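Q:
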Amino acid sequence: MLSRCSVYAKNFSICCSHIFREVNGKILPARSYHVLSATVGQKEHRRSMGRHPAIPVASVMALRHASGGKVTTVADVMPEIPSIAAIPDAPAVPAAPAVAPVDVLAEGAEPTFESIGLGGWSPVGMVQQCMEYLHIGLDIPWWGVIAIGTVVVRTLIFPLVLVAQRNAAKMNNHLPQLQVLQMKMSEARQSGNQIESARYAQEMMQFMKDKEMNPLKNMIVPLAQAPLFISFFMGLRGMANAPVASMREGGLFWFTDLTVCDPFYLLPILTSATMYLTIEMGTDAAKLSSQNMQTMRYVLRALPLVILPFTVNFPAAILTYWACSNFISLVQVGFLRIPRVRNYFRIDPLVTHKAEVLPMKKKGFVKGLQDSWTNMKITRELEERKRIDEISFQRAGQGPIVKTYKYDPTKPRPPNAVAAKKR
1 MLSRCSVYAK NFSICCSHIF REVNGKILPA RSYHVLSATV GQKEHRRSMG
51 RHPAIPVASV MALRHASGGK VTTVADVMPE IPSIAAIPDA PAVPAAPAVA
101 PVDVLAEGAE PTFESIGLGG WSPVGMVQQC MEYLHIGLDI PWWGVIAIGT
151 VVVRTLIFPL VLVAQRNAAK MNNHLPQLQV LQMKMSEARQ SGNQIESARY
201 AQEMMQFMKD KEMNPLKNMI VPLAQAPLFI SFFMGLRGMA NAPVASMREG
251 GLFWFTDLTV CDPFYLLPIL TSATMYLTIE MGTDAAKLSS QNMQTMRYVL
301 RALPLVILPF TVNFPAAILT YWACSNFISL VQVGFLRIPR VRNYFRIDPL
351 VTHKAEVLPM KKKGFVKGLQ DSWTNMKITR ELEERKRIDE ISFQRAGQGP
401 IVKTYKYDPT KPRPPNAVAA KKR
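Position 78 (the sequence shown) corresponds to 78 in UniProt numbering; numbering is contiguous.
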């Protein structure tokens, strides 16, 4: 009797084929089993099997062909197939992150300075906030905002301008007496007479106190204007660098864009020209008795030309403020030259002194530099002499006594020397 059993296993592609023959009452295998490829698509390895390709199926089955005996199962041929673990469920889809709400500007509206990093409670931030209020609240163009801010600031420091003008008028009217005392003090210093120099300096201080004059009052306006100028400068530069979008069309005439430099270089030239006129009118109204002010005046005259190459790269907003400030200074100085205005503000009328009457003659730029260098050399020599004298006195006090006499006065002199002296 001939029987055959074939076994197919899922996902293993295994084909087991046995042919049995009954001989003398015993069942003997005629052929051995065959193992095919473990993976579908690879080359099959089999023996003595030509017409039984292994095809994976969805289950394990046992077939019997012309059999009258026992059927061979999978458990008889191969070990138990391990069970496959259950596939886990797919993870949940993560929730979308929360998106911060975005402020949507209405058509024609401008972002606040706070949203673009401007403003604050520093001096620069307060200047920017005031400009924002004038532009947004009062709907004033940016060039008008800068001009109004300049006028307000210069109006606030106008009382200090009056103080400086009163002091300058008094020093100009008493210039001959101040120059006499200054010349005496300089001569005493050059001769090395420190006592006389100190005495004349004391007389000059007392004279200025009696006449209610103080050279430091002439510096009160620049000292008060410096922090305001720096605040406006840094505030406008920050607004131009941000930039504030509306400033690109907030200019006037040829400089419509305030965030860039003037393409025609007219604003830098105008700023330097008005600065020169301000220095000329200001120094004429505030002549000082100090000889060094002649040199300082030449330095101030050269200042507008020195800063011109740097101002050409400034944004138009900064130059607009600077030019407006210079124009206001010119108006103030010209306004305070009117006699009625000077009487109203209790400013003494200016006295014009002839050059022949003044003790100090006017010197040129080169001569003034030479005199200044000479005074510096004399001052340095006097200080060096004073230092050497102090060292010599210190050595004389700490060192041994130097013998400067022939006989010791603390000891009796020999008789022969006394007799020789009487002869």
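Cβ coordinates follow ideal geometry from the N, Cα and C atoms, glycine included. Just so you know, these numbers come straight off a predicted model, no measurement behind them.
Going by DSSP, what residue range makes up the alpha helix (DSSP H) through glycine 119?
A: If you number the sequence shown from 1, residue 119 lands on position 119. Premise fails: glycine 119 is in no alpha helix (DSSP H) and is neither H nor E.
Q: Give me, in chain order, the residues of the same chain whose beta-carbon lies closer than 8 Å to that of proline 227; leave out the 5 immediate sequence neighbours on both sides.
A: Taking the first residue of the sequence shown as 1, we reach residue 227 at position 227. Around proline 227: Pro123.
Q: Reducing DSSP to helix, strand and coil, say where leucine 160 ends up.
A: Walking along the sequence shown from the start, residue 160 turns up at place 160. Residue state, collapsed to three classes: helix.
Q: Exposed or buried, which one is tryptophan 373 when buried takes at least 16 other CB atoms within 10 Å?
A: Here residue 373 is taken as the residue at index 373 of the sequence shown, counted from 1. It counts as exposed.
Q: Grouping DSSP H, G and I as helix and E and B as strand, with all else coil, what is leucine 266?
A: Locating residue 266 in the sequence shown gives position 266, counting from the first residue. Reduced to three states, the DSSP call for leucine 266 is helix.
Q: Measuring alpha carbon to alpha carbon, tell me which of Gly250, Pro304, Gly119, Val152 ends up nearest threonine 278.
A: Taking the first residue of the sequence shown as position 1, residue 278 is located at position 278. For threonine 278, the nearest C-alpha among the options comes from Pro304.
Q: Could you give the first and the last residue of the continuous alpha helix (DSSP H) run that contains serine 344?
A: Translated into positions along the sequence shown, residue 344 becomes position 344. The identity of residue 344 in the sequence shown is tyrosine, whereas the question assumes serine. Its alpha helix (DSSP H) spans residues 339-344.
Q: Can you tell me whether glutamate 383 is buried or exposed? The criterion is at least 16 other CB atoms within 10 Å of its CB, across all chains shown.
A: Against the sequence shown, residue 383 aligns to sequence position 383. Under this definition glutamate 383 is an exposed residue.
Q: Whether or not the region 154-161 and the region 260-272 are in contact is what I'm after, with contact meaning three or more pairs of Cβ atoms, one per stretch, closer than 8 Å; do they touch?
A: No: fewer than three Cβ pairs fall under 8 Å.
Q: Would you mind stating whether leucine 350 and alanine 201 have Cβ atoms separated by less than 8 Å?
A: One-based indexing of the sequence shown puts residue 350 at position 350. One-based indexing of the sequence shown puts residue 201 at position 201. No, Cβ-Cβ distance for leucine 350 and alanine 201 is not below 8 Å.
Q: For serine 246, which residues from the same chain have a beta carbon less than 8 Å from its beta carbon, with the 5 sequence-adjacent residues on both sides left out?
A: Position 246 of the sequence shown, counted from the first residue, corresponds to residue 246. Only Glu110, His135, Trp142 meet the Cβ criterion.
Q: Just reading off the alpha helix (DSSP H) that leucine 228 is part of, what are its end residues?
A: To locate residue 228, count along the sequence shown from 1; it is residue 228. Counting along the chain, the alpha helix (DSSP H) containing leucine 228 begins and ends at 220-241.
Q: Using CA atoms only, rank isn't needed, just tell me which of Lys386, Glu356, Val127 is closest to isoleucine 146.
A: Here the question's residue 146 lines up with position 146 in the sequence shown. For isoleucine 146, the nearest C-alpha among the options comes from Val127.
Q: Alpha carbon to alpha carbon, how far is aspartate 371 from lysine 362? Give it in angstroms, no decimals.
A: Residue mapping note: residue 362 aligns to position 362 of the sequence shown, counting from 1. Residue mapping note: residue 371 aligns to position 371 of the sequence shown, counting from 1. Lysine 362 and aspartate 371: Cα-Cα distance of roughly 12 Å.
Q: Exposed or buried, leucine 36, counting other C-beta atoms within 10 Å across all chains shown (16 or more means buried)?
A: Here the question's residue 36 lines up with position 36 in the sequence shown. For leucine 36, the pLDDT reaches just 44, beneath the cut-off of 50, and the residue's location in the model is therefore unreliable, leaving the point undetermined.
Q: Is it buried or exposed for phenylalanine 253, if we count other Cβ within 10 angstroms and need 16 for buried?
A: Numbered from 1 along the sequence shown, position 253 holds the residue referred to as residue 253. Flag for phenylalanine 253 reads exposed.
Q: Out of Arg248, Thr259, Gly282, Ile307, state which residue places its alpha-carbon closest to the alpha-carbon of leucine 270.
A: Taking the sequence shown and counting its residues from 1, one reaches residue 270 at position 270. Of the candidates Arg248, Thr259, Gly282, Ile307, the one whose C-alpha sits nearest the C-alpha of leucine 270 is Ile307.
Q: Take glycine 117 as the anchor and find which of Lys386, Gly235, Gln394 has the nearest alpha-carbon.
A: The residue given as residue 117 occupies position 117 in the sequence shown. Looking at the Cα atoms, Gly235 is the closest of the given residues.
Q: Give me, in chain order, the residues of the same chain whose beta-carbon lies closer than 8 Å to that of aspartate 257; leave out the 5 immediate sequence neighbours on both sides.
A: Your numbering for residue 257 matches position 257 in the sequence shown. For aspartate 257, where only same-chain residues beyond five positions count, the Cβ hits under 8 Å are Met247, Arg248, Glu249, Gly251, Ala316.
Q: Taking 8 Å as the threshold (C-beta atoms), are methionine 204 and methionine 185 in contact?
A: Stepping through the sequence shown from its first residue, residue 185 is reached at position 185. Stepping through the sequence shown from its first residue, residue 204 is reached at position 204. Their beta carbons are under 8 Å apart, which means methionine 185 touches methionine 204 by this criterion.
Q: What does the alpha-carbon distance come out to for the pair proline 176 and alanine 396?
A: Numbered from its first residue, the sequence shown carries residue 176 at position 176. Numbered from its first residue, the sequence shown carries residue 396 at position 396. Going by the C-alpha atoms only, they are around 46 Å apart.
Q: Report the three-state DSSP secondary structure of phenylalanine 314 (helix, strand or coil).
A: Translated into the one-based positions of the sequence shown, residue 314 becomes position 314. Coil.
Q: Once the 5 residues before and after valine 221 are set aside, which same chain residues still bring their CB inside 6 Å of it?
A: As a position in the sequence shown, residue 221 is number 221, starting the count at 1. Beyond the five residues adjoining it in sequence on each side, valine 221 comes within less than 6 Å, by CB distance, of Leu160, Val161, Ala164 in the same chain, given in chain order.
Q: Residues in its own chain within less than 7 Å of phenylalanine 167 by CB, not counting five upstream and five downstream?
A: Here the question's residue 167 lines up with position 167 in the sequence shown. Rather than phenylalanine, the amino acid found at residue 167 in this sequence is asparagine. Listed in chain order, the non-local C-beta contacts of asparagine 167 below 7 Å within the same chain comprise Met213, Asn214, Lys217, Asn218, local neighbours out to five positions each way being set aside.
Q: Look at the Cβ atom of isoleucine 328, then the Cβ atom of threonine 112, and state whether they are nearer than 8 Å.
A: Counting from 1 along the sequence shown, the entry for residue 328 is found at position 328. Counting from 1 along the sequence shown, the entry for residue 112 is found at position 112. For isoleucine 328 and threonine 112, no; Cβs fall outside 8 Å.
Q: Beta-carbon within less than 7 Å of histidine 353's beta-carbon, same chain only, minus the 5 sequence neighbours each way: which residues are those?
A: Start at 1 with the first residue of the sequence shown, and residue 353 comes out as number 353. Cβ contact annotation for histidine 353 (same chain, cutoff 7 Å, sequence separation greater than five): Leu175, Pro176, in chain order.
Q: Quick check on this structure: which residue in Ile140, Pro243, Gln190 has the alpha carbon closest to the alpha carbon of residue 424?
A: Because the chain spans 1 through 423 in this model, residue 424 falls outside it and cannot be assessed.
Q: Any idea which residues DSSP pairs leucine 303 with across the strands?
A: As a working mapping, residue 303 is identified with position 303 in the sequence shown. None; leucine 303 has no bridge partner.
Q: Our contact map puts methionine 296 next to valine 333 with C-beta atoms below 8 Å; I'd like the distance itself, whole angstroms only.
A: Here residue 296 refers to the residue found at position 296 of the sequence shown. Here residue 333 refers to the residue found at position 333 of the sequence shown. About 18 Å separates the two Cβ atoms, so there is no contact after all.
Q: Go to aspartate 89, then tell me how far its alpha helix (DSSP H) extends in each direction, as first and last residue.
A: Your numbering for residue 89 matches position 89 in the sequence shown. Note, aspartate 89: premise wrong, no alpha helix (DSSP H); not H, not E.
Q: In whole angstroms, what separates the C-alpha of leucine 336 from that of isoleucine 195?
A: Against the sequence shown, residue 336 aligns to sequence position 336. Against the sequence shown, residue 195 aligns to sequence position 195. When rounded, the distance between both Cα atoms is 42 Å.
Q: Between the alpha carbons of phenylalanine 345 and glycine 119, how many angstroms are there, rounded?
A: For this step, residue 345 is matched to residue 345 along the sequence shown. For this step, residue 119 is matched to residue 119 along the sequence shown. For phenylalanine 345 and glycine 119, the distance between alpha carbons rounds to 38 Å.
Q: Exposed or buried, which one is glycine 238 when buried takes at least 16 other CB atoms within 10 Å?
A: The residue you call residue 238 lines up with position 238 of the sequence shown. Under this definition glycine 238 is a buried residue.
Q: Identify which residue in Leu369, Thr311, Phe232 has its Cα closest to the Cα of tyrosine 321.
A: For this step, residue 321 is matched to residue 321 along the sequence shown. Of the listed residues, the one whose Cα sits closest to tyrosine 321 is Phe232.
Q: Taking Cβ positions, are valine 152 and proline 359 nearer each other than 8 Å?
A: On the sequence shown, residue 152 is found 152 positions in, with the first residue counted as 1. On the sequence shown, residue 359 is found 359 positions in, with the first residue counted as 1. No, these two residues do not count as a Cβ contact at 8 Å.
Q: Looking at the structure shown, is phenylalanine 255 part of a helix, part of a strand, or coil, going by DSSP?
A: Position 255 of the sequence shown, counting from 1, holds the residue named residue 255. Here phenylalanine 255 sits in strand by DSSP.
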